[in-house]
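Residue numbers (this note's numbering): -1 to 483.
By construction, the Cβ of each residue, glycine as well, lies at the ideal position given by its N, Cα and C atoms.
All figures in this text were calculated on a predicted structure; none of them were measured in a lab.
To keep things clear, I will list the structure first and then write my remarks on it.
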Ligand SMILES: [Zn+2]
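This is how it looks when you write it as structure tokens:
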């Protein structure tokens, strides 16, 4: 009897991150997105004869910092190569890239998934320049069917860091999770702005399948230029399904470059894949080799802040945050720093709830971030302390927060000046509940009949009568005691 063969996927990723430098990789032209075409150009990036490139030192610095974050070895000797191909977006007819001596060597990068922390091997990370941008006019904006194609050289020569991973992944969801963690890390370190829609971070995936248990790799295809986490996961999933159907049907996968169309979910062939020797790589004679000073490289490593993956793990392990709290608060370095300052002077779990909940919700209406607002970590901690000591009710605490956001000021002083302190006199609270019971006979009957929801009505009345000073929980308790016994 025949049994169906089970296949597993083998996935490797190539990520192009645009480096956050002021100028291009090999000339002094400014980098900017969305300017009028062809205003940021010079003889170097337009490939005029005799113009000589000079390596951007800041790009090298950012590449070394990225290398440290990726756990890579940093080369002591690293060279540039010419990668030859002919295309209108490449005026020199070669791209300056790196070949056998990349700036960053093997490393490992840890990332978080719903199943916990995982690791992916990094093969290398190297510096190169981006091509110019082709704009296809007429037709539907694609090259095929266009009336003409025009070139904007503003992007030509933009510094890129290409990060290549080992083919160690088998689950498309892990590819997406890895990329999220990588983007977060590179953005927080100031290496790239990570804007995927504008193309500052692009991902290609190399995909093959093989029968489970097989150790040699199958023929791979390359899925190009995916620009969202969702599309990456869907695109890889679709390509695995396509290859599995071919192989299960007795066919063979062809090595080619593919495009995933997120609107139709279909995969199209772009071209048959080039081999490295098609590019006729040879050493770039116009640039000196990079020889980073080991002391400088070590300094950059020592100056590396705690990585987002480590920060999240520490918050969960040491501060008792949930994974979800930690994920939200680690979204930006500034938000994480702000949270840490609150958590240093308030119970961390409450600090997390307030920062990601009420504080961010109120500040959103003012278009402010916590660290730019009047709500210093100390002021927020004071509000939290008053709530936890039951000195102020939750609704009034939110009102105090609104006051601090508007005008600054000391939360405790605001509570006193406005008489917002919690009504902690048990006798006073009982008298209020008695009064509400006497005045609302119909609702009391409903409560007796088991309609628990009506408690909300009484709490509302109590808050109204006390300008929010009553403790909603205590009002409910007293009401139940008095009405239900
Ligand atoms: Zn230039």
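message: At a threshold of 7 Å, does residue 42 count as lining ligand 1 (C-beta to nearest heavy atom)?
response: yes
- prompt: Since residue 131 is in the beta strand (DSSP E), which residue starts that stretch and which ends it?
  reply: 131 to 135
message: According to DSSP, is residue 151 part of a helix, a strand, or is it coil?
response: coil
- request: Kindly provide the ranges of any alpha helix (DSSP H) runs that are 4 or more residues long and lie completely inside the stretch 389 to 413, ordered along the chain.
  value: 392 to 405
field: Beta-carbon spacing of residue 90, residue 54 below 8 Å
entry: no
message: Are the CB atoms of residue 195 and residue 156 within a distance shorter than 8 Å?
response: no
message: Could you tell me the alpha carbon to alpha carbon distance between residue 145 and residue 46, rounded to whole angstroms?
response: 28 Å
- request: Could you please give the first and the last residue of the uninterrupted beta strand (DSSP E) stretch that includes residue 141?
  value: Careful: residue 141 lies outside any beta strand (DSSP E) and carries neither H nor E.
message: Alpha carbons only, please: which of 94, 44 and 401 is nearest the one belonging to residue 277?
response: 94
- prompt: Using 8 Å as the Cβ pair cut-off and three pairs as the minimum, do the stretch 129 to 148 and the stretch 314 to 325 touch?
  reply: no
field: Residues near residue 41 by beta carbon distance below 6 Å, same chain, minus five either side
entry: 49
task: Find out if the Cβ-Cβ distance for the pair residue 480, residue 413 is shorter than 8 Å.
output: no
- prompt: Is the number of C-beta pairs between the stretch 329 to 341 and the stretch 95 to 113 that are closer than 8 Å three or more?
  reply: no
field: 3-residue-minimum beta strand (DSSP E) runs that sit fully inside the stretch 35 to 123, ordered along the chain
entry: 79 to 82, 92 to 95 and 105 to 111
- prompt: Among all the DSSP beta bridges, which residues are the ones paired with residue 278?
  reply: DSSP, once it has assigned bridges, lists no residue as partnering residue 278.
- prompt: Whole beta strand (DSSP E) runs in the stretch 199 to 281 with 3 or more residues, listed along the chain?
  reply: 199 to 209, 219 to 224, 254 to 259 and 264 to 270
message: Is it buried or exposed, residue 75, if we count other Cβ atoms within 10 angstroms and call 16 or more buried?
response: exposed
message: Can you tell me whether residue 341 is helix, strand or coil according to DSSP?
response: helix
message: I'd like to confirm something about residue 131: is its beta-carbon nearer than 7 Å to some heavy atom of ligand 1, or not?
response: no
message: Taking 7 Å as the cut-off, is the C-beta of residue 228 nearer than that to any heavy atom in ligand 1?
response: no
- prompt: Where DSSP assigns a beta bridge to residue 6, which residues make up the other side?
  reply: 208
task: Report all residues from its chain with a CB closer than 6 Å to the CB of residue 7; omit the five preceding and five following residues, and keep chain order.
output: 168, 207 and 238
- prompt: Measuring from the CB of residue 222, is there a heavy atom of ligand 1 at a distance below 7 Å?
  reply: no
- prompt: CB of residue 407 to nearest heavy atom of ligand 1: below 7 Å?
  reply: no
query: For the stretch 406 to 424 against the stretch 374 to 382, are there 3 or more C-beta pairs whose distance is under 8 Å?
result: yes
- request: Would you kindly work out how many angstroms separate the C-alpha atoms of residue 469 and residue 161, rounded to a whole number?
  value: 56 Å
message: What does the alpha-carbon distance come out to for the pair residue 322 and residue 111?
response: 12 Å
query: Any idea what DSSP makes of residue 11, helix, strand or coil?
result: strand
field: residue 170: first and last residue of the uninterrupted beta strand (DSSP E) it sits in
entry: Looking at the DSSP string, residue 170 is not in any beta strand (DSSP E); the run it does join, the alpha helix (DSSP H), is 170 to 186.
task: Determine contact between the stretch 243 to 257 and the stretch 15 to 35, defined as no fewer than three beta-carbon pairs at a distance below 8 Å.
output: no
- prompt: Can we count residue 48 as close to ligand 1, meaning its CB is less than 7 Å from some heavy atom?
  reply: no
field: residue 353: first and last residue of the uninterrupted beta strand (DSSP E) it sits in
entry: Here residue 353 belongs to no beta strand (DSSP E), and DSSP marks it neither H nor E.
message: Does the distance between the C-beta of residue 139 and the nearest non-hydrogen atom of ligand 1 fall short of 7 Å?
response: no
message: Here's the rule: buried if 16 or more other CB atoms are within 10 angstroms of the residue's CB, otherwise exposed. What is residue 3?
response: exposed
message: What does the alpha-carbon distance come out to for the pair residue 280 and residue 286?
response: 14 Å
field: Same chain, Cβ closer than 8 Å to residue 298, five either side skipped, listed in chain order
entry: 59, 62, 63 and 66
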